[in-house]
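Participant:
Protein chains in written order, with my numbering: chain G, 1 to 315; chain H, 1001 to 1195.
1) Going by beta carbon distance, what residues of the same chain come within less than 6 Å of residue 1160 of chain H, once the five residues before and after it are set aside?
2) Within its chain, find whatever has a CB closer than 8 Å to the CB of residue 67 of chain G; leave out the 5 residues flanking it on each side and keep chain order.
3) Which residue comes first and which comes last in the alpha helix (DSSP H) that contains residue 1167 of chain H?
4) Are residue 1085 of chain H and residue 1185 of chain H touching if we call contact CB-CB under 7 Å?
5) Is the Cβ of residue 156 of chain G closer than 7 Å to any Cβ of chain H?
6) Between G/149, G/243, G/296, G/216, which lies nearest to residue 140 of chain G when the distance is taken from Cα to Cα?
7) Could one say the Cβ of residue 76 of chain G lies closer than 7 Å to chain H's Cβ atoms, at least one of them?
8) Quick check on DSSP: helix, strand or coil for residue 1101 of chain H?
9) Looking at the unbroken beta strand (DSSP E) that takes in residue 1068 of chain H, where does it start and where does it end?
10) Let me confirm a value: residue 297 of chain G is counted as buried when at least 16 other C-beta atoms fall within 10 Å, else exposed. Which label applies?
11) In terms of residue numbering, what span does the beta strand (DSSP E) encompassing residue 1146 of chain H cover?
12) What are the uninterrupted segments assigned as beta strand (DSSP E) that are 3 or more residues long and contained completely in the segment 40 to 85 of chain G, given in chain order?
13) Check whether chain G comes within 7 Å of residue 1105 of chain H, counting only Cβ atoms and requiring the distance to be less than that.
14) With DSSP collapsed to three states, give me the class of residue 311 of chain G.
15) What would DSSP say about residue 1020 of chain H, mapped onto helix, strand or coil?
16) Mind checking whether the beta-carbon of residue 107 of chain G lies closer than 6 Å to any heavy atom of the ligand MN?
17) Measuring only the C-alpha atoms, how far is residue 1021 of chain H from residue 1075 of chain H?
18) Count the other CB atoms within 10 Å of the CB of residue 218 of chain G; is the residue buried (16 or more) or exposed (fewer)?
19) Listing by chain order, which chain H residues have their CB less than 8 Å from the CB of residue 199 of chain G?
20) Cα separation between residue 214 of chain G and residue 1003 of chain H?
21) Cβ atoms of residue 182 of chain G and residue 45 of chain G: under 7 Å apart, would you say?
22) For my contact list, residue 172 of chain G and residue 224 of chain G are in at a C-beta cut-off of 8 Å; report their separation, rounded to the angstrom.
23) So, does the CB of residue 1144 of chain H fall closer than 7 Å to a CB anywhere in chain G?
24) So residue 1054 of chain H contacts chain C; which residues on that side make the cut at Cβ distance below 7 Å?
25) What does DSSP give as the partner residues of residue 262 of chain G in its beta bridges?
26) Bridge partners of residue 1187 of chain H, per DSSP?
27) Shorter than 7 Å from the beta carbon of residue 1027 of chain H to some beta carbon of chain G?
28) Looking at residue 287 of chain G and residue 254 of chain G, is the spacing between their C-beta atoms short of 7 Å?
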């Protein structure tokens, strides 16, 4: 049993099913937008995407323009409701299913986790020897980013909104990597289309590379969109990853923590309150016992060890 | 509150500094902002407050006459929609206004409002050179251009709404009239921004 599980539990080598589905969806949505840029279909970019009058509106863009414009108008309100409803149903799924930033960041960072944390270390972490398996269920190890915290991303939220108020225009949009991604694509396409060279063709990708390659701290440390999303996701009850207590190796006393180690958001799927979870499914693919699932409504019965023991509780 | 490490604080401080710097740059360049906006965006301050540079209006325009502002045009213009009447002219179809998610482009009545105003450039205009051209006067859908007794076009400012047909169709800046200035014989400019 242990040898079999040991061999299966090297998640780095093969691309999991969830990852394939996720990258496919990301690719399709991205291709749609690029198509739209090239053929003037009228869809928009990730700041605002839709058909005709009905388009989603980036929550940060909405907040900035409401502040700098001094008004809460109906049309933008309807637009921003779309991502809000999306977040209530799917949590932070935008981050791993649609946003191009983690993909670009990974291009700079290589196979490691997008922001330098090693997603999985060696096979040692997964050692499931018979000798070390006690019979008592082990409590969850907990992830560094379980729960909701007021972290450095919120500094950027406050500064972005203050800048909109002070300077009278949405300043943050100029440096948002999502906006810069599409600014780069659009300016390069414009160059190919009309032979008109502008500084943007160089500056936008350069700025993007600076933000995501050299600093490479965007998603967890700086992104204000992700900050807002984790706040709204506190109310997200659907599609929560759930661990089957009967199959999870920790319930059988084995000190397995593959799920926590592979999680790009550094959360523990055993924990109930994980608003940082982006529903990426990497833990599902990595679990050596296939114990993790993501259904519309998680199973009502939770394992004994769904909460951290008091000694390990974070403040 | 969870601890913010020194590195995280430094990163957010640098980013905050960049945001503030860009904000200052944008505001100081405001006086020079003289780019033509799509219909409904003529109140520059209100437009700037709401444009999130999403690009939907640019994509929505069936005439393809909205383009992204360039960095060279300043922070206030970069990635925001700017009219380019070499590619097409505005038919006031309102698709850009519909597409705008933040109401940066609001309603526009082409009979009483204007995107800009057409201004004849005597140095480029062929009619000024040899009195043989009247294309813009014939083409103007609003009857705002007439050829006067000196055989040069004259714009009736009260009739012109800046649609751009004249600039698009102007045959100057070619062959013997080519000067490399990038300007046509008639150009639509922001009202009040005449040099």
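Yeah, the Cβ is synthetic: ideal placement off N, Cα and C, and Gly gets one too.
Facilitator: Taking the structure as given:
1) 1117, 1118, 1144
2) 161, 164, 165
3) 1165 to 1169
4) no
5) yes
6) G/243
7) yes
8) coil
9) 1066 to 1068
10) exposed
11) 1145 to 1147
12) 48 to 51
13) no
14) No answer about residue 311 of chain G holds up, because its pLDDT of 44 lies below 50 and its placement is not dependable.
15) helix
16) This structure lacks the ligand MN, and indeed carries no ligand of any kind.
17) 11 Å
18) buried
19) 1070, 1071, 1072
20) 23 Å
21) yes
22) 7 Å
23) no
24) Looking for chain C here will not work: the only protein chains present are G and H.
25) According to DSSP, residue 262 of chain G bridges with nothing at all.
26) H/1119
27) yes
28) no
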